[in-house]
Amino acid sequence: MESLSYNPNLVPWERPAPNNVAGKGHIERPGKVANIVWQTRAAAPSAYENALGDALEAAFEGGAQDPQDIVRAFNAAGFLTVDSQPWTEARFLSEMRRLGA
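Heads up, the sequence shown is in the UniProt record's numbering, so the first residue is 1 and it goes up one at a time.
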């Protein structure tokens with residue numbers, strides 16, 4: 001068997017040609033793309049939303065598997081709803097829907 005110092009099966013190199021047409025699979029032109037709502041926020045997260053995120057992380061780190069576990073973790077940690085009430089499963093699910101809308 002002959003020893004080769006190169007790979008004869010490689011495709012010859014071609015200089016890349018820039019594509020100036022924006023579209024699917026390409027970098028979009030600034031200001032020419034629809035602003036998709038679910039990828040952006042109308043405002044910075046509130047202190048409550050940041051605290052909710054921290055409480056969710058702590059609940060999952062503590063082993064929470066379902067909404068009931070999350071509610072138990074929130075109430076055990078003393079984290080209250082936006083209107084200063086203890087959490088219930090219905091209230092938690094409603095809040096997730098509201099924030100995800």
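Cβ coordinates follow ideal geometry from the N, Cα and C atoms, glycine included.
Determine the DSSP secondary structure at residue i, reduced to helix, strand or coil.
i, result
"Ala64", "coil"
"Asn7", "coil"
"Arg97", "helix"
"Asp83", "coil"
"Val33", "coil"
"Glu49", "helix"
"Arg91", "helix"
"Glu14", "coil"
Hey, how far is the Cα of residue i from the Cα of residue j?
i, j, result
"Gly63", "Pro16", "50 Å"
"Gly78", "Ala34", "41 Å"
"Arg91", "Ala43", "23 Å"
"Ala51", "Ala58", "10 Å"
"Gln65", "Val11", "51 Å"
"Asp54", "Thr88", "18 Å"
"Pro45", "Asn75", "22 Å"
"Arg97", "Pro67", "13 Å"
Report yes if the C-beta of residue i is less than 7 Å from at least one heavy atom of the ligand GTP; otherwise report no.
i, result
"Arg97", "Among the components modelled here there is no ligand, and therefore nothing to report on the ligand GTP."
Which word fits residue i, buried or exposed, when buried means at least 16 other C-beta atoms lie within 10 angstroms of its C-beta?
i, result
"Val82", "exposed"
"Ala73", "buried"
Hey, is residue i's beta-carbon within less than 8 Å of any beta-carbon in chain B?
i, result
"Gly53", "Absence of chain B from the displayed structure is noted, only one protein chain being present."
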